[in-house]
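Below is one structure, written out as structure tokens; comments come after it.
2 protein chains.
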Amino acid sequence: MKRDGREQRSGIAPTISQVAKVSGVSRATVSRAFTRPGMLSEETVRRVKAVADKLGYVPNQVARALSTGRHGNVALIVSDVANPFFPPMIRAAQLHADKAGLCVFLGNSDEDPAREELLLGRFIGQVEGLVLASSRLDEAQIRIYAARRPLVLINRDIEGITRVLIDTAPGVEAAIAHLAELGHRHIAYVSGPTTSWSNQQRRNAVRKEAAKRGLKVIAIPARPPSYGTGRLAAAPIVASGVTAAIAFDDLVAQGLLAGLAALDVDVPRSFSVVGCDDVLGETTYPPLTTVSARCADAGDVAVGLLLSQMNGGASGEIRHKLNSHLVVRASTGPAPARRKSR
Amino acid sequence: MKRDGREQRSGIAPTISQVAKVSGVSRATVSRAFTRPGMLSEETVRRVKAVADKLGYVPNQVARALSTGRHGNVALIVSDVANPFFPPMIRAAQLHADKAGLCVFLGNSDEDPAREELLLGRFIGQVEGLVLASSRLDEAQIRIYAARRPLVLINRDIEGITRVLIDTAPGVEAAIAHLAELGHRHIAYVSGPTTSWSNQQRRNAVRKEAAKRGLKVIAIPARPPSYGTGRLAAAPIVASGVTAAIAFDDLVAQGLLAGLAALDVDVPRSFSVVGCDDVLGETTYPPLTTVSARCADAGDVAVGLLLSQMNGGASGEIRHKLNSHLVVRASTGPAPARRKSR
DNA sequence: CTGTTAGCGCATTCAC
DNA sequence: GTGAATGCGCTAACAG
């Protein structure tokens with residue numbers, strides 16, 4: 002077999018053999034100089050490394066991976082890079098992976114299960130572990146991949162597979178309580194993707210807590226969840242007569258804010274809105290009351306779990322829950338006097 | 002050498018040899034069935050693939066890479082995943098890479114040259130090409146890596162290295178013209194990172210066009226560029242007496258908007274703000290007039306250029322410029338009557 | 001401490 | 001059209 006284009010640019014890359022020949026040692030010794038210097042005399046290590054340096058030798062990761070089966074790569078697949086929920090998570094995951102010396106493949110499924118599977122297929126062969134954030138794949142598929150490689154899920158609850166769940170229930174409950182205390186009696190839940198674990202969880206939390214406090218809640222969809230669909234939801238929401246809304250995520254809430262403004266509904270004076278995820282900070286107008294979801298932590302924890310699993314740690318039943326809480330800003334206020342009576 | 006932990010989970014992954022044995026052909030034939038089916042009889046291909054399927058065989062990318070020198074991976078390094086400028090670019094780059102069957106490593110330098118170099122070092126050995134977006138590395142370093150692998154730069158202008166530049170000058174000039182027509186005479190440029198090519202380009206465009214139209218421009222820094230620093234810039238800006246500001250990017254502009262609101266300065270009635278990049282859409286309040294930077298296209302084009310370079314295409318002097326234009330929304334308006342005269 | 005030997009899984013010359 | 005042999009660059013037993 003001929004040498005191919007591997008190093009077509011600055012000539013052929015030096016291999017372990019060249020270094021070995023020049024330094025007058027065996028290839029194994031050169032290998033050890035890089036992987037287990039402690040096994041060699043300091044003198045040898047020094048000499049070999051000097052030669053390697055001069056030659057510009059750098060270990061070929063691919064060859065090493067083939068030999069050891071460890072390539073130091075992990076993959077992270079998200080459902081939508083452009084959703085502000087993910088970047089902080091990606092960043093945190095990267096940071097953690099970096100510290101462990103791992104490289105991370107990023108995949109973007111764009112909410113499409115087929116694409117997600119395609120990516121998975123491409124990654125699986127060259128990674129030591131995977132993390133799937135908000136996976137839209139069906140359970141059976143996920144199990145298949147989880148059987149082949151350490152795999153951890155974010156915001157997807159599958160029995161027996163390590164997962165980290167951002168538990169927005171406490172925050173959502175607090176939000177409902179907050180709204181109730183402000184005198185709201187009828188509220189809307191602006192719902193997200195039906196296949197989303199987060200959406201199901203939030204919807205249930207809203208219903209449960211609302212029931213407990215005797216609030217009426219209606220559901221208005223915003224699908225796919227985005228600024229645009231949130232904006233569109235404004236009209237049906239005000240038409241429904243509710244005085245407050247809690248949205249699937251901050252983006253939807255932000256759109257709702259805009260839609261409300263366009264309808265001349267003053268927030269928070271005549272309508273209250275609360276978001277979810279807390280990814281927009283105070284950048285909305287008015288600053289959004291929202292449920293803080295610690296998405297960055299999720300990325301960090303997921304990679305941590307993946308690492309311990311890769312290193313043979315307990316891969317049993319791990320279901321890591323991340324807490325949430327309500328952040329009250331300026332988009333919520335006392336319920337307005339009833340419209341009908343005016 | 003013993004088998005290692007590669008497939009510790011569901012037993013050993015089937016190799017080409019197993020498929021060969023079961024289908025009663027040689028390993029070479031199995032290999033061909035996957036890489037050059039045309040070389041084999043249809044019957045053979047069919048049979049081999051059937052067996053492979055049943056066994057769950059899937060070609061080992063790493064082994065293939067070692068043999069061919071092509072592993073189908075590329076790396077994308079950005080300076081800050083969390084900056085809304087990047088996600089659309091990342092998404093577009095991924096999409097293009099996907100179509101070409103490539104996997105992409107994502108690196109996040111967090112604006113730190115040292116981290117950027119670390120990442121580069123980890124990636125270089127296992128990718129066929131790299132794209133560096135808004136690299137903070139010094140030119141010499143970049144040249145070294147570019148000599149080893151096909152490499153394309155985004156928003157960094159280094160002679161001899163393929164680069165795609167988002168040319169915001171036309172948009173910025175249009176913005177200045179727009180402001181001038183609205184009667185503004187004194188404006189501020191809220192500047193970004195000094196090492197950023199984009200910042201230099203924008204600053205120069207502002208100066209040039211302002212000079213041409215006889216506007217006075219002062220510079221106020223917002224570093225690092227963010228919502229927070231933009232917000233902080235509001236005070237010195239109103240103190241300076243200018244009536245309009247053009248910000249390094251949308252995030253800074255958004256912060257400025259908030260800072261202005263906190264200072265009770267009405268936008269656009271008493272002050273005009275224009276952003277840069279157009280990554281926030283209409284989500285700000287008021288909707289931001291901004292220079293559209295087509296960041297998604299940049300990612301797409303960069304990967305395209307990288308591909309052609311990887312395939313031995315002309316790697317000569319390529320300097321791809323992406324155009325920009327002004328998007329007028331609601332954050333700009335006529336210059337207010339002069340404050341002093343009131 | 002260091003050298004020798006034997007693969008990792010695959011793609012590719014050559015023969016046939 | 002297909003098989004046998006060889007090597008990609010490296011690491012890991014096994015000796016010494």
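Chains A and B, in that order, give the protein sequences. Each residue of the first sequence is one higher than the one before, counting from 2 in our numbering. Each residue of the second sequence is one higher than the one before, counting from 2 in our numbering. Cβ coordinates follow ideal geometry from the N, Cα and C atoms, glycine included.
Using a beta-carbon distance below 7 Å, is residue i in contact with chain B?
i: A/Thr284; result: yes
i: A/Phe249; result: no
i: A/Arg164; result: no
i: A/Thr16; result: no
i: A/Cys277; result: no
i: A/Ile91; result: yes
i: A/Pro269; result: no
i: A/Cys296; result: no
i: A/Gln19; result: no
i: A/Asn156; result: no
For a cutoff of 7 Å on Cβ pairs, would you count residue i as touching chain A?
i: B/Tyr228; result: yes
i: B/Gly161; result: no
i: B/Thr333; result: no
i: B/Leu142; result: In the sequence on display, residue 142 of chain B carries Gln and not Leu. So, not an interface residue.
i: B/Ala53; result: no
i: B/Gln95; result: yes
i: B/Ala98; result: no
i: B/Gln127; result: yes
i: B/Asp5; result: Unreliable positioning characterises B/Asp5 in this predicted model, as indicated by a pLDDT of 43, which lies under 50. The coordinate reading is nonetheless provided below. Yes, B/Asp5 lies at the interface with chain A (some Cβ there is under 7 Å from its Cβ).
i: B/Ala83; result: yes
i: B/Ala64; result: yes
Mind checking which residues open and close the alpha helix (DSSP H) that includes residue i?
i: B/Pro237; result: Tyr228 to Ser241
i: B/Tyr146; result: Glu140 to Arg149
i: A/Thr36; result: Arg28 to Thr36
i: A/Val52; result: Glu43 to Leu56
i: B/Arg157; result: It is not in any alpha helix (DSSP H) - B/Arg157 carries neither H nor E in the DSSP assignment.
Nearest-angstrom Cα distance between residue i and residue j?
i: A/Ser110; j: A/Gly193; result: 17 Å
i: B/Asn156; j: B/Met311; result: 20 Å
i: B/Glu210; j: B/Ile188; result: 12 Å
i: B/His72; j: A/Arg214; result: 59 Å
i: A/Cys104; j: A/Glu283; result: 33 Å
i: A/Glu117; j: B/Leu133; result: 25 Å
i: B/Leu107; j: B/Leu216; result: 43 Å
i: A/Ala83; j: B/Arg92; result: 7 Å
i: A/Asp168; j: A/Ser80; result: 19 Å
i: B/Leu121; j: A/Phe86; result: 27 Å
i: B/Ala338; j: B/Asp158; result: 42 Å
i: A/Trp198; j: A/Leu257; result: 22 Å
Evaluate residue i with the Cβ neighbour count: other Cβ atoms within 10 Å of its Cβ, from every protein chain shown; 16 or more gives buried, anything less gives exposed.
i: B/Pro335; result: exposed
i: A/Gly25; result: exposed
i: A/Asp301; result: buried
i: A/Thr333; result: buried
i: B/Ala34; result: buried
i: B/Asp139; result: exposed
i: B/Gly276; result: buried
i: B/Ser18; result: exposed
i: A/Glu43; result: exposed
i: A/Ser27; result: exposed
i: B/Thr195; result: exposed
i: A/Ile13; result: exposed
Could you give the first and the last residue of the continuous beta strand (DSSP E) run that contains residue i?
i: B/Thr163; result: Per DSSP, B/Thr163 belongs to no beta strand (DSSP E) and is neither H nor E.
i: B/Ser293; result: Thr290 to Ser293
i: B/Val1; result: As displayed, chain B neither begins before 2 nor continues past 343, which places residue 1 of chain B out of reach and without an answer.
i: B/Phe106; result: Cys104 to Asn109
i: B/His187; result: His187 to Ser192
Compute the distance between the beta-carbons of residue i and residue j, then report whether it is under 7 Å.
i: B/Asp279; j: B/Ala294; result: yes
i: A/Val207; j: A/Val292; result: no
i: B/Leu306; j: B/Ala175; result: no
i: B/Leu289; j: B/Arg320; result: no
i: A/Val31; j: A/Ala76; result: no
i: A/Asn266; j: A/Val243; result: The identity of residue 266 of chain A in the sequence shown is Val, whereas the question assumes Asn. No, Cβ-Cβ distance for A/Val266 and A/Val243 is not below 7 Å.
i: B/Ala299; j: B/Leu323; result: yes
i: A/Arg150; j: A/Leu180; result: no
i: B/Leu154; j: B/Arg164; result: yes
i: B/Ala234; j: B/Val268; result: no
State yes or no: is the C-beta of residue i nearer than 6 Å to some heavy atom of the ligand NAP?
i: B/Gly102; result: This structure does not include the ligand NAP; it has no bound ligands of any sort.
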